[in-house]
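Heads up, the thing below is written out as structure tokens.
Residue numbers (my numbering): 1320 to 1470.
Below is the structure:
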């Protein structure tokens, strides 16, 4: 699984002009599920993200976690993160897991964030054409790959 994480002051996702997910201070996550990903990938990724200390403390040091700042998370599925752009000019999405595999892992990941102490987890609509709006804070943007966390 791959995640693009952005620290935000606020974020929302809309489908057909209806807000389907909205948060205040926290993380906006774009989640890509790849072929071969398992519940273990979701577990280690959710644990890592839930405990990342990337909010600033009183000394302006990145030292606080989501729990420390009562942060929230918005998770949007994004198969394009699994693109292979190494050949030609059109990306290949052959590495992206099929929806019947990806959607359950997306939902499982969101549940694991809650189990890891994130108080509010909002979501987009899996497979929909979404409009995502964020107020980026920093900007702080991280790319995390579950395969790098599993030893």
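Even glycine gets a Cβ: it sits at the ideal position worked out from N, Cα and C. Everything numeric in this text was worked out from a predicted model, so none of it was measured.
Cβ pair count under 8 Å reaching 3, the segment 1404 to 1411 against the segment 1350 to 1367
no
Quick check: residue 1330 and residue 1347, are their CB atoms within less than 8 Å of each other?
yes
First through last residue of the alpha helix (DSSP H) which encompasses residue 1419
1418 to 1434
Does the beta-carbon of residue 1434 have 16 or more other beta-carbons within 10 angstroms, so that it is buried, or is it exposed?
exposed
Could you check the C-alpha separation between residue 1447 and residue 1334 for me, to the nearest Å?
7 Å
Can you confirm whether the segment 1340 to 1355 touches the segment 1393 to 1402 when touching is taken to mean that 3 or more C-beta pairs between the two stretches lie within less than 8 Å?
yes
Give me the DSSP bridge partner(s) of residue 1415.
1353
Pick helix, strand or coil for residue 1393, following the three-state DSSP scheme.
strand
Within its chain, find whatever has a CB closer than 6 Å to the CB of residue 1444; leave out the 5 residues flanking it on each side and keep chain order.
1334 and 1339
For residue 1360, which beta-bridge partners are listed by DSSP?
In the DSSP output, where bridge partners are listed per residue, residue 1360 has none listed.
Using a threshold of 8 Å, state whether the C-beta atoms of residue 1373 and residue 1417 are closer than that.
no
Report yes if the CB atom of residue 1390 is closer than 8 Å to the CB atom of residue 1344, and no otherwise.
yes
Quick one: Cα of residue 1470 to Cα of residue 1336, how far?
43 Å
Can you grab the Cα-Cα spacing for the pair residue 1368 / residue 1440, in whole Å?
12 Å
Taking buried to mean at least 16 other C-beta atoms within 10 Å of its own C-beta, is residue 1450 buried or exposed?
exposed
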